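*Asks:* Per our numbering: the sequence shown ends with 2197, consecutive numbering throughout.
Glycine is no exception: its CB is placed at the ideal position from the N, C-alpha and C atoms.
Just so you know, these numbers come straight off a predicted model, no measurement behind them.
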Amino acid sequence: MKFGAQLKEGLYPEWRFYYLDYDGLKRQLKERTKSNNYQETDEAYYVELLERELEKVYGFQVVKLGEIHRRVESLEERVKKLRQQGIVAHVEDEADGAEGERDEEERRLLDLPLDYQKIEDEVNQVLEEVNELARFTRLNYSGFLKIIKKHDKHTNYVLKPMFMVRLNARPFYRENFDDLILQLSRLYDVVRNGGRDPSERAATTGGSGAQNFVRRTTKYWVHPDNVLELKFYVLKYLPVLLFQSAKNTTGSMSEADGPLSAPDPAISSVYFDNDSLDLYQGRLEKTEGAEAIRFRWYGPVTNNEIFIERKTHREDWTGESSVKQRFPLKEKHVNAFMRGEYTLDKTIAKMRAAGTRKPEDIDALEVLAGEIQASISAKRLKPTMRTFYNRTAFQLPGDATVRISLDTELSLIREDSLDGKPRAGDNWRRTDVGTHYPFSHLPDSEICRFPYAILEVKLQTEVGTDPPQWVTNLVQSHLVEEVPKFSKFIHGCATLLEPHVQLLPFWLPQMDKDIRKRPRLQPRSSLLVASRPHSRDVSPGYSERDRRRSAGGLDEDDHEAIEVVVDDGRREADDARAMAALSTSPRQERDYMAGSLRREKRPATGRVQPRQYRPRDDRHDERAPLLSQSGISSSSRAAARDTRSPSPTRSIASKRVAVPVRVEPKVFFANERTFLSWVHFAVVLGGLALGLLNFGDKVGRTAGVLFTVISMGILVYALFLYIWRSNRIRAREPGPYDDRVGPAVLVGVILAAVIINFYLKFSSLQQQEPPASGPVPLPPPSPSPSPIS
């Protein structure tokens, strides 16, 4: 689809006069270059047209954004008054005033939910308008870039450098909606609770006492064009979770929080590994006990509190859960801790003396610190990979049923010295890298700017309880692309350290595809409007068979004081079933992604340049928005991004790709049942042999010896086969798991023993039988006694 048609399809009808006149500018350019006589006067006139369009777009955005802020402030005032009315009505002394006045007050109390409902409807309208404004910004910015490129291609004048200066002077495309999102989150949080304080709601919902939970975690990629739309959708149901200082707990916002200011959402982590990348290999193959050790901090690099974390993978057959444990450490002690020169003995002693922590927690902290130090020393771990991203988390305070995090501007930065270049030196992290995205000073060989946002959905539901329908609608929508078990650390190593790895993650080939897809909703429809929290109706476009439920796990990254956080909820080996539960229904055919993609090789890096998205025809870009009330379709709305991370050119051809394989517990149980079947047969045969030894004749005792030896051989064979199969299953070896020789040999031996027993017994019976021919001789008569004389 050409951009002109894309712009017409994606514009908001009520604002159509304020969009860039792309067709008019293209027509002017075509007419003035038709005769190949493009003069300086033509250039001046064209630049003046561009200036007018820029002023029009910039001026409209400023006016509209100011209008939205005033509407939000007005809504906040109305909510504040409603809350005050509710508080006054509840604390008013019934002894004061007449009966009629009390009745009037009761009627006012009954009307409060309706007032909050009206405010919620208005907040919905503001959300939709902000989403349209964000789309307005993307479309116009893409239009300016495209028309400038077309100008420079068809004329002898290079306009782009000069016009980029003008764009920077009217930076409508740099508008950040984070503060507005926080304000709307506060409004939704209050309206959602009917004016109650969020802390009060947390107290009423956090003490259910239920322990039998199903926890699942799933990960998705989100295209940058869909990030803001997804945030607004989630905001309908969950408030923004603010990460405060380490001494405070995390929580949502309330009126008492004072003026809103977006906290620094940056999260940085330095992952450790050795020269052989053993930790990378273990985490990729999901071997039992595989570790990931990282040092994490929140906010700027000046943050003095560093979290030492260890994640340990546990297989399902062990009966244990994968855990994440961590404790904070002052930055000045990190290098000494890494070298084994600093321990937590003094800190542990102070904690024991204070008595503010449970003894078992203190013991766990001491063990954890010692084990991490031992792993760093024994495995020769060094800083290898840094991850940076800005996180927006959504969660109801005191309710862990649904927790959603969205990581944007993900950057993966090398910290290793595998190529002989000491990046971190003797320090635990590089000192030339801060938290200022996009890290323009770093060469492409040392950074991978991930092109998508990472959505993580964590659910904690009781057994037999379905997750919320809105979560199912979200993960089945066109906004997300499921990528089970995606890991930032693994992706960074596979992309930037490709010559040093032998195994690649399964999602790496997916990086060359455009993840945008057709919406499940019909055009001109809105999932946001149709699936409000107070409505039980299923969103349009979803049939009954689409109401598959999902499940997820909890993996908290909250700031805490010195403690060990054991996250027993995350079961990393459960992702096959969890992914099936949270996955989208069979995807519609995404033929619009099949456009021609260019591939260019980068010099000296062995990687490819990003592919440019080029739809084939007009049908391939019909993307209706998730939020649009009037149904304006959400087209790509932006120029093809040139920040696609480099992918290895020879990876797929020359290296194995690790496909996640889930080893079900029933596989081990089946192996045990087979072993017990062999043992049962051996016991029966041995019992028969003992009977022959104890109560048989000479032939029976001979057969008893034979069957005793055979039964003992079967026991030894069964034990060997059980251990052999168990080891292969744990190692996830592809097979084969059957033994074609052993059973045949055992059958032959048993058959030989039966034949031998039959032969001996038959021979013994023949030796005892009398001759079959001639009469039987009579015994001679006894002599008669002599007569008595």
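(1) Buried or exposed: E1997, going by 16 or more other Cβ atoms within 10 Å of its Cβ?
(2) Given this structure, state the Cα-to-Cα distance separating P1851 from Q1918, to the nearest angstrom.
(3) List the endpoints of the continuous alpha helix (DSSP H) containing S1785.
(4) Since V1731 is in the beta strand (DSSP E), which residue starts that stretch and which ends it?
(5) Assuming Q1469 and E1583 make a contact with CB atoms under 8 Å, what is their CB distance in whole Å?
(6) Does the distance from the CB of Y1628 to the CB of V1879 come in under 9 Å?
(7) Got a sec? Which residues, its chain only, sit under 6 Å from A2200 by beta carbon, not counting five neighbours each side?
(8) Between E2284 and the rest of its own chain, which residues show a CB-CB distance below 7 Å, the 5 nearest in sequence each way excluded?
(9) Are the CB atoms of F1703 and E1713 nearer to each other than 9 Å?
(10) Excluding the 5 residues preceding and the 5 following V1534 in the sequence, name in chain order all residues of the same chain whose CB lies nearer than 8 Å to its CB.
(11) With a 10 Å radius around its C-beta and 16 neighbouring C-beta atoms as the bar for buried, classify E1456 as buried or exposed.
(12) Looking at R1838 and I1821, is the spacing between their C-beta atoms short of 9 Å?
(13) For E1417 and H1559, what's the separation of their Cα atoms in angstroms?
(14) Is it the case that the region 1458 to 1472 contacts the region 1573 to 1587, given that we only count it when at least three CB pairs across the two stretches are under 8 Å?
(15) Measuring straight from C-alpha to C-alpha, what distance separates R1645 and N1532?
(16) Please classify P1791: is it buried, with 16 or more other beta-carbons within 10 angstroms of its beta-carbon, or exposed?
(17) With distances taken from CA atoms, which of K1488, L1473 and V1648 is nearest T1545?
(18) Starting from E2141 and walking both ways along the alpha helix (DSSP H), at which residues does that stretch end?
(19) On the DSSP bridge list, what partners appear for W1705?
(20) Compute the beta-carbon to beta-carbon distance between V2107 and L2168, rounded to the nearest angstrom, for a pair I have assumed lies under 8 Å.
(21) Nearest-angstrom Cα distance between H1721 and T1873?
(22) Check whether the Cβ atoms of L1826 and T1795 lie closer than 9 Å to each other.
(23) Would you mind giving the Cβ-Cβ distance between Y2125 and N2079, rounded to the nearest angstrom? I have them listed as a contact below 8 Å.
(24) For the candidate residues V2117, L1814, G2104 and P2073, whose alpha-carbon lies nearest to that of G2094?
(25) In the region 1853 to 1901, which residue ranges form an unbroken alpha helix (DSSP H) of at least 4 residues, counting only runs that do not cross its ends?
(26) Using a Cβ-Cβ cutoff of less than 6 Å, which residues in the same chain neighbour D1529 once the five nearest sequence positions on both sides are dropped?
(27) Assuming K1639 and I1589 make a contact with CB atoms under 8 Å, what is their CB distance in whole Å?
(28) Closer than 8 Å: is that where the CB of T1795 sits relative to any heavy atom of the ligand GDP?
(29) Using 8 Å as the threshold, is the region 1449 to 1465 in touch with the region 1566 to 1576, meaning 3 or more CB pairs across them?
(30) Between D1976 and P1579, what straight-line distance do the alpha-carbon atoms span, to the nearest angstrom?
(31) Beta strand (DSSP E) containing Y1797: first to last residue?
(32) Buried or exposed for A1782, going by 16 or more other Cβ atoms inside 10 Å?
(33) Assuming T1626 and E1906 form a contact by the criterion Cβ under 8 Å, report the distance between their Cβ atoms to the nearest whole angstrom.
(34) Between K1568 and Y1860, what straight-line distance do the alpha-carbon atoms span, to the nearest angstrom?
(35) Going along the chain, which residues of its own chain have a beta-carbon closer than 6 Å to the beta-carbon of D1665, five neighbours each way excluded?
(36) If you draw a straight line from the C-alpha of G2099 to the C-alpha of A2090, how long is it?
*Replies:* Let's see:
(1) Walking along the sequence shown from the start, residue 1997 turns up at place 589. Bear in mind that a pLDDT of 33 at E1997, under 50, signals an unreliable position, so the number given afterwards is only what the model happens to contain. Counting Cβ neighbours within 10 Å, E1997 comes out exposed, since fewer than 16 surround it.
(2) As a first step, residue 1851 is located in the sequence shown; it is residue number 443 there, counting from the start. As a first step, residue 1918 is located in the sequence shown; it is residue number 510 there, counting from the start. Cα-Cα distance, rounded: 24 Å.
(3) Indexing the sequence shown from 1 puts residue 1785 at position 377. Where S1785 is concerned, the enclosing alpha helix (DSSP H) stretches over P1767 to A1786.
(4) If you number the sequence shown from 1, residue 1731 lands on position 323. Per DSSP, V1731 belongs to the beta strand (DSSP E) from V1731 to K1738.
(5) Within the sequence shown, numbered from 1, the residue matching residue 1469 stands at position 61. Within the sequence shown, numbered from 1, the residue matching residue 1583 stands at position 175. About 7 Å separates the CB atoms of Q1469 and E1583; that is less than 8 Å, so the two are in contact.
(6) Against the sequence shown, residue 1628 aligns to sequence position 220. Against the sequence shown, residue 1879 aligns to sequence position 471. Contact: no.
(7) Within the shown structure, residues of the chain are numbered from 1409 to 2197, placing residue 2200 beyond reach of any answer.
(8) The requested residue 2284 does not occur in the structure, where the chain is confined to residues 1409 to 2197.
(9) Along the sequence shown, read from residue 1 onward, the residue named residue 1703 stands at position 295. Along the sequence shown, read from residue 1 onward, the residue named residue 1713 stands at position 305. When the beta-carbon positions are compared, F1703 and E1713 stay at least 9 Å from each other.
(10) Looking up residue 1534 in the sequence shown gives position 126. In chain order, I1476, R1479, V1480, L1483 and L1592 place their CB closer than 8 Å to the CB of V1534, counting only its own chain and leaving out the 5 sequence neighbours on each side.
(11) The sequence position of residue 1456 within the sequence shown is 48, counting from 1. With fewer than 16 Cβ atoms within 10 Å of its Cβ, E1456 is classed as exposed.
(12) Within the sequence shown, residue 1821 is the residue found at index 413, counting from 1. Within the sequence shown, residue 1838 is the residue found at index 430, counting from 1. Yes. Within cutoff.
(13) Translated into positions along the sequence shown, residue 1417 becomes position 9. Translated into positions along the sequence shown, residue 1559 becomes position 151. If you draw a straight line from the Cα of E1417 to the Cα of H1559, it comes to about 23 Å.
(14) In the pairwise beta carbon analysis, the region 1573 to 1587 is classified as touching the region 1458 to 1472: at least three pairs are separated by under 8 Å.
(15) As a working note, residue 1645 is residue 237 in the sequence shown. As a working note, residue 1532 is residue 124 in the sequence shown. The question names Arg, but residue 1645 is Tyr in the sequence shown. Spanning the two alpha carbons is a distance of roughly 12 Å.
(16) Against the sequence shown, residue 1791 aligns to sequence position 383. Result: buried.
(17) One-based indexing of the sequence shown puts residue 1545 at position 137. The option with the nearest alpha carbon to T1545 is L1473.
(18) The count along the sequence shown starts at 1 and reaches residue 2141 at position 733. Premise fails: E2141 is in no alpha helix (DSSP H) and is neither H nor E.
(19) What you label residue 1705 is simply residue 297 of the sequence shown in a count that begins at 1. S1676.
(20) Locating residue 2107 in the sequence shown gives position 699, where the first residue counts as 1. Locating residue 2168 in the sequence shown gives position 760, where the first residue counts as 1. Indeed they touch by this definition, with Cβ atoms about 5 Å apart.
(21) In the sequence shown, residue 1721 corresponds to position 313, counting from 1. In the sequence shown, residue 1873 corresponds to position 465, counting from 1. Going from the Cα of H1721 to the Cα of T1873 covers about 27 Å.
(22) Here residue 1826 refers to the residue found at position 418 when the sequence shown is read from its first residue. Here residue 1795 refers to the residue found at position 387 when the sequence shown is read from its first residue. Not a contact, by the Cβ cut-off of 9 Å.
(23) Position 717 of the sequence shown, counting from 1, holds the residue named residue 2125. Position 671 of the sequence shown, counting from 1, holds the residue named residue 2079. At roughly 14 Å, the Cβ-Cβ gap does not stay under 8 Å, so Y2125 and N2079 are not in contact.
(24) Sequence index remark: in the sequence shown, residue 2094 carries index 686 (1-based). Closest option to G2094, Cα to Cα, is V2117.
(25) Under the rule that a run must span 4 or more residues, the alpha helix (DSSP H) segments found entirely inside the region 1853 to 1901 read 1877 to 1883.
(26) The sequence position of residue 1529 within the sequence shown is 121, counting from 1. Excluding sequence neighbours, D1529 sits near nothing in its chain.
(27) The sequence position of residue 1639 within the sequence shown is 231, counting from 1. The sequence position of residue 1589 within the sequence shown is 181, counting from 1. Between K1639 and I1589, the beta carbon gap of about 6 Å places them in contact (Cβ cut-off 8 Å).
(28) The ligand GDP is not among the ligands present in this structure, which contains no ligands whatsoever.
(29) Put simply, the region 1449 to 1465 touches the region 1566 to 1576. At least three CB pairs are less than 8 Å apart.
(30) As a position in the sequence shown, residue 1976 is number 568, starting the count at 1. As a position in the sequence shown, residue 1579 is number 171, starting the count at 1. At D1976, the pLDDT of 38 sits below 50, so the modelled position is not reliable and the matter cannot be decided from this model.
(31) As a working note, residue 1797 is residue 389 in the sequence shown. From DSSP, the beta strand (DSSP E) with Y1797 extends over K1790 to Q1803.
(32) As a first step, residue 1782 is located in the sequence shown; it is residue number 374 there, counting from the start. With fewer than 16 neighbouring CB atoms inside 10 Å of its own CB, A1782 falls in the exposed class.
(33) What you label residue 1626 is simply residue 218 of the sequence shown in a count that begins at 1. What you label residue 1906 is simply residue 498 of the sequence shown in a count that begins at 1. Your pair T1626 and E1906 does not check out as a contact, with CB atoms roughly 27 Å apart and the cut at 8 Å.
(34) Along the sequence shown, one-based indexing puts residue 1568 at 160. Along the sequence shown, one-based indexing puts residue 1860 at 452. Straight-line Cα distance between these residues: approximately 27 Å.
(35) Here residue 1665 refers to the residue found at position 257 when the sequence shown is read from its first residue. Note on D1665: pLDDT 46, under 50, position unreliable in the model; no value is reported.
(36) Locating residue 2099 in the sequence shown gives position 691, counting from the first residue. Locating residue 2090 in the sequence shown gives position 682, counting from the first residue. Taking the straight line joining both Cα atoms gives about 14 Å.
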